[in-house]
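Numbering (the working numbering), first residue to last: 146 to 705.
We put the CB at the ideal spot given by N, CA and C, even for glycine.
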Amino acid sequence: MRKVSLLMSTRVKFAPVEGAAALFTPAFCEYLTRLHEHLDARAHDLRQRRVAVLERALRQHVLPAHPPASEATVGAWRVPPMPDELKKPGIEISGPCSITSMFINALNPGPEGERAAGDLDDDEDSGGHRLIDTVRSANNRLAAVNRELSFVDRERNRSYSIADGELPFFMHRERGLHLDEPDVTVDGKPVNAALLGTALTLFYAGRAQAGRGQGIYFYLPKLEAAAETRWYRDLFDLSQTHLPFLGEATIRAIVLVESLPCVYEMEEMLYELGPYAAGLNAARWDLKASIFEFVMTDPDQVWPDRFGVDIKTTPFLANVFRRLVAICLKRGAVPIGGMATALPSPDPDINRAAAEAIRADKQWEAEQGFIRGWVAHIFHMKTAGDPFKKLIGSGWKPTAQMADPDNYPVAIKVPEGPVTVEGTRRNARMLIEYVEGWLGGRGAKGIDSLEGKPGIHPALMEDLATGRMSVAQIAQRIIHRARETRTGAEHDAALVKRLLGEELADILARRQGAETHARYRKAVKIAMRWIKNYTELNFRSLGAYSRAELDRIAAAPDAL
């Protein structure tokens, strides 16, 4: 076995980022190579299937649809018995686990002394999408499970450590199977990013969790077809076969419903996960972005300002998530709600307004049958978690009608609301701010897209999904030369470029430092390229670009 491990390790190459050598041992490389051999070709095939579905929508205006009835939809099956902790009402706190200080804060009690029920330790949309981020995530997860995670911020003279008491359960989220990790190869071929992240988590943190009798739980992002959940099922099966310490471990997964095709196959996805199925999550932002992409070429599907499109008051979107809950109730799975993104402010009026909005949002989710939601900051943890706890604790039960998916048919429509240039401006500012944070190594950043404007508006923790939404809406308006509802002003590339320039000037007037200014100017160049790509129906994720590619984009002529 030692000779086999050494042979396998010579097939694996990885960039020498800090901490990687300790993880890419011969034993891990053997495991990774086995997974790569069994699953990489299928991942590429699944990506090609995605392209075909998207092209049909773009070229023929034929949106995805439900597959034919099958055992998955008409059979009497249920998911395996649910671990008790996954049934807990309350809140899960989300954040990048590669940033050690943020990870520790998420695991600790909030201002009221309560911890979150669960921790979404993220290496996906709030992560930096680099090998160094994935390596740090793997090391931090292992240290957190062992309660050894600590951090000293010498610049701010602050120390971070895990407080005493029971930790939230861990919900691991890796990058999606649509991405590769170019800095890790097997026989010269990049390793699938989902495969790499999941393998690192199972091999290290998963081993520690299994040793402690803990369940090993995953969120599965960016899925578009039931065959893709089968890919994860096979990954888990192979891992339990190859790694003896996982043989008796409890592994469960929750599907993030964040693509339009996924909406039509939620039940099939749970079915294909088989013994690993646990639930479905209402991923609002990415779902909106995905809808934009699938209707991008349809002139009858131009959306109003996305900021006014609320799930609670947009019936067709609300029904998507009511259907999600119904499927979970029907199959014994757990329905998990969306994200509360508001960040704390020094202004108590802003905090009160944010708390009222969060409370109303989570109350609505609880009344639809969700048992938990997500929150971006410990400051609002109790506010976000209490509606679930109180309603479920009162003995309230979903009605029989709520458990029937047929009561909530899928119908994609155009939301009500105005098209405004100010809405496009807000998207432009959000995009500049987000890409600037990305260039600084952060996949999540606190952004006030109304900065400097009157009114009460908290900064929000924005991640890659928000950047994707902003780009998609801007591109849709350019493609269709959308007119402002009130004035008739027409959108085109020149207008968008002017808005980006005006917002950049305002941002630079509010920020200090030559390095910071240079990063913002670079962010605008990349934002223009990203928008231009979308107008050309190239929906490549920002997470698929290397830093070298982004440098080249920033050095090239303006894309708009």
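Opening and closing residue of the beta strand (DSSP E) in which F173 lies: That residue, F173, is in no beta strand (DSSP E); its alpha helix (DSSP H) goes 171 to 205.
Residues bridged to G388 [DSSP beta-bridge criterion]: A small fix is needed here, since residue 388 is Leu in this sequence, not Gly. Under the DSSP definition of a beta bridge, L388 lacks any partner.
Contact between the segment 656 to 672 and the segment 596 to 610 (3+ Cβ pairs under 8 Å): Verdict: no, contact absent.
Rounded separation between H625 and A650 - CA only: In this structure, the CA atom of H625 is about 27 Å from the CA atom of A650.
Contact under 7 Å by Cβ, Q621 with F439: Against a cut-off of 7 Å, the Cβ pair of F439 and Q621 comes out as no contact.
C-alpha distance - R467 paired with E319, whole-angstrom precision: Whole-angstrom Cα-Cα distance: 26 Å.
For G333 and E175, the rounded distance between their alpha carbons: Cα to Cα, E175 sits roughly 15 Å from G333.
Y305, enclosing alpha helix (DSSP H) - first and last residue: Y305 -> not in any alpha helix (DSSP H); beta strand (DSSP E) instead, spanning 303 to 306.
Secondary structure of S615, DSSP reduced to three states: Here S615 carries a helix assignment [DSSP, helix/strand/coil].
Inter-residue spacing [alpha-carbon to alpha-carbon] between G321 and Y364: Their Cα atoms are separated by approximately 10 Å.
Cutoff 8 Å; reference D637; Cβ partners in own chain excluding five residues on either side: Here the set comprises I623, R626.
Nearest-angstrom Cα separation, counted from T632 out to I238: Their backbone Cα atoms lie some 42 Å apart in a straight line.
Sequence-distant residues of the same chain with beta carbon closer than 7 Å to G568, five excluded per side: If we look at G568 and ignore the five residues flanking it on each side, its Cβ neighbours are D450, F452.
Beta-carbon proximity list for M575, same chain, < 7 Å, skipping 5 on both sides: When the five nearest sequence neighbours on each side are left out, the beta carbons in the same chain lying within less than 7 Å of the beta carbon of M575 are those of I592, S594, E607, T611, S615, in order along the chain.
Supposed close pair P480, L462 - CB separation, criterion 8 Å: Wrong, their Cβ atoms sit about 15 Å apart, outside the cutoff.
Distance cut-off 6 Å: T346 Cβ against heavy atoms of the ligand HEM: The ligand HEM is not among the ligands present in this structure, which contains no ligands whatsoever.
Check whether A344 and L177 have beta carbons under 7 Å apart: Less than 7 Å separates the beta-carbon of A344 from that of L177.
Contact set for V219: own chain, Cβ-Cβ below 7 Å, skip 5 residues either direction: Hits under 7 Å: none found.
N- and C-terminal bounds of the alpha helix (DSSP H) containing H662: 659 to 680 is the extent of the alpha helix (DSSP H) around H662.
Cβ contact (3+ pairs, closer than 8 Å) linking the segment 198 to 208 and the segment 413 to 420: Counting C-beta pairs with one atom in each stretch, the segment 198 to 208 and the segment 413 to 420 have fewer than three that are closer than 8 Å, which means they do not touch.
Three-state secondary structure assigned by DSSP to S239: In the structure shown, S239 sits in a strand (DSSP, three-state: E or B).
For A251 and V559, the rounded distance between their alpha carbons: Their Cα atoms are separated by approximately 37 Å.
Bridge partners - M484, DSSP secondary structure assignment: In DSSP, M484 forms a bridge with W519.
Alpha helix (DSSP H) runs wholly inside the segment 262 to 307, at least 4 long, in chain order: Entirely contained in the segment 262 to 307, the alpha helix (DSSP H) runs reaching 4 residues are, in chain order, 276 to 290.
Rounded C-alpha distance that separates A500 from A398: Take the alpha-carbon of A500 and the one of A398: they are about 30 Å apart.
For F119: DSSP bridge partner residues: In the structure as shown, the chain begins at 146 and stops at 705. Residue 119 is therefore absent and cannot be evaluated.
Distance CB(G483)-CB(R429) smaller than 7 Å: Between G483 and R429, the CB-CB gap stays under 7 Å.
CB contact flag (A350, V280, <7 Å): Remark: C-beta atoms of A350 and V280 do not approach each other more closely than 7 Å.
Check whether L425 and V402 have beta carbons under 7 Å apart: Yes, these two residues count as a Cβ contact at 7 Å.
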